[in-house]
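Colleague: In terms of the working numbering, the sequence shown has 181 at position 184, counting the first letter as 1, and numbering is strictly consecutive.
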Amino acid sequence: MARVLVVEDDQFVRSALIRHLTDAAHTVRSVGTALEALREVAHVGFDVVVLDLGLPDLDGGEALKMLRGITDVPVIIATARDDEAEIVRLLNDGADDYLTKPFSVEHLSARMAAVLRRSRAGGAEPPSRVIRVGGLSVDPLRRQAALDGVALDLTRREFDLLAFLAGRPGVVVPRKELLAEVWQQAYGDDQTIDVHLSWLRRKLGETAARPRYLHTLRGVGVKLEPPH
-2 MARVLVVEDD QFVRSALIRH LTDAAHTVRS VGTALEALRE VAHVGFDVVV
48 LDLGLPDLDG GEALKMLRGI TDVPVIIATA RDDEAEIVRL LNDGADDYLT
98 KPFSVEHLSA RMAAVLRRSR AGGAEPPSRV IRVGGLSVDP LRRQAALDGV
148 ALDLTRREFD LLAFLAGRPG VVVPRKELLA EVWQQAYGDD QTIDVHLSWL
198 RRKLGETAAR PRYLHTLRGV GVKLEPPH
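1) Can you tell me the Cα-Cα spacing of aspartate 79 and serine 101, whole angstroms?
2) State the DSSP-derived secondary structure class of alanine 82, mapped to helix, strand or coil.
3) Give the secondary structure of leucine 162 by DSSP, where H, G and I count as helix, E and B as strand, and everything else as coil.
4) For valine 168, which three-state DSSP category applies?
5) Is it the case that the region 23 to 40 contacts the region 50 to 68, given that we only count it when at least three CB pairs across the two stretches are under 8 Å?
6) Ordered along the chain, which non-local residues of its own chain (more than five positions away) have a Cβ less than 6 Å from that of histidine 83?
7) So arginine 198 packs on alanine 205, CB below 8 Å; how close in whole Å?
8) Just confirm the distance between the C-beta atoms of isoleucine 227 and aspartate 93, as a whole number of angstroms; I'd bet it's less than 8 Å.
9) Measuring only the C-alpha atoms, how far is tryptophan 196 from asparagine 89?
10) Among the residues of its own chain, which have a CB less than 7 Å from the CB of histidine 193, if the five just before and after it don't count?
11) What does the alpha-carbon distance come out to for the pair glycine 120 and alanine 110?
12) When you compare only the Cα positions, how much space is there between alanine -1 and threonine 24?
13) What is the rounded straight-line gap between the Cα of arginine 6 and the Cα of valine 85?
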């Protein structure tokens, strides 16, 4: 099972999460502040962090940025905020998933299981070769990518998405297939794909309006091909 850090200042919610996750055979540690969470992550190895945004010492969004500075452990945001711009910002800042309060412990368990599968599998099974598409090179085994000889600094999810598309150059991949193969989810919100595509485009030096490698076909899917 997983080693879980619950970051939640509401004692009632915190106790309920600890009880449920422990009953599910997870090893659980919990803290009530952002600074305690940073100390825990720095000294203890976790498989997933469940992070509340309404913390007493530091906003959870800022805590997420600080966490991303020291670890790539999967982070699930637990928030009462349902503002779309806020959710997109959190995904851009490195959150792996989010849940809007109130949520059931069963829902949290399902999201945790999906995040852990993605983390442990590292996305789709990589081929044992370096993929080259135009000036882009992707090494799935070493999990390294470069554009025109310059290394790309990619998150785990960005790399999985890039490697999956690069392994099928010129092929339009439906969004449903991306969710299934990269996110390992049978269903989900297209917004998650859009956010990661947008972030990946910026690192490739392109935009949706002026694409070079990544092309979105509205209502169909996404393809990666070399610039013409």
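Don't be surprised by glycine CBs; every beta carbon is placed ideally from N, CA and C.
Modeller: In brief:
1) Position 82 of the sequence shown, counted from the first residue, corresponds to residue 79. Position 104 of the sequence shown, counted from the first residue, corresponds to residue 101. Aspartate 79 and serine 101: Cα-Cα distance of roughly 16 Å.
2) The residue labelled residue 82 in the question sits at position 85 within the sequence shown. In the structure shown, alanine 82 adopts helical secondary structure according to DSSP, grouped into three states.
3) For the purposes of this step, residue 162 is identified with residue 165 of the sequence shown, where counting begins at 1. DSSP places leucine 162 in helix when its eight states are reduced to three.
4) Translated into the one-based positions of the sequence shown, residue 168 becomes position 171. Here valine 168 sits in coil by DSSP.
5) The region 50 to 68 vs the region 23 to 40: in contact.
6) On the sequence shown, position 86 is the one that residue 83 refers to. In the sequence as presented, histidine is not what sits at residue 83; that position holds glutamate. Excluding five sequence positions before and after glutamate 83, none of the CB atoms of its chain fall closer than 6 Å to its own CB.
7) As a working note, residue 198 is residue 201 in the sequence shown. As a working note, residue 205 is residue 208 in the sequence shown. The Cβ separation is near 7 Å, so the contact holds.
8) It is not possible to answer for residue 227, since the shown part of the chain is limited to -2 through 225.
9) For the purposes of this step, residue 196 is taken as the residue at position 199 of the sequence shown. For the purposes of this step, residue 89 is taken as the residue at position 92 of the sequence shown. Tryptophan 196 and asparagine 89: Cα-Cα distance of roughly 7 Å.
10) In the sequence shown, the residue the question calls residue 193 occupies position 196. These residues qualify, in order along the chain: Arg154, Glu155, Leu158.
11) Here residue 120 refers to the residue found at position 123 when the sequence shown is read from its first residue. Here residue 110 refers to the residue found at position 113 when the sequence shown is read from its first residue. Summary for glycine 120: the model assigns pLDDT 48, below 50, so the residue's position carries little reliability, and this model does not support an answer.
12) One-based indexing of the sequence shown puts residue -1 at position 2. One-based indexing of the sequence shown puts residue 24 at position 27. If you draw a straight line from the Cα of alanine -1 to the Cα of threonine 24, it comes to about 6 Å.
13) Residue 6 sits at position 9 when you count from the first residue of the sequence shown. Residue 85 sits at position 88 when you count from the first residue of the sequence shown. At residue 6 the sequence reads aspartate, which differs from the arginine that was named. The alpha-carbon separation between aspartate 6 and valine 85 amounts to approximately 24 Å.
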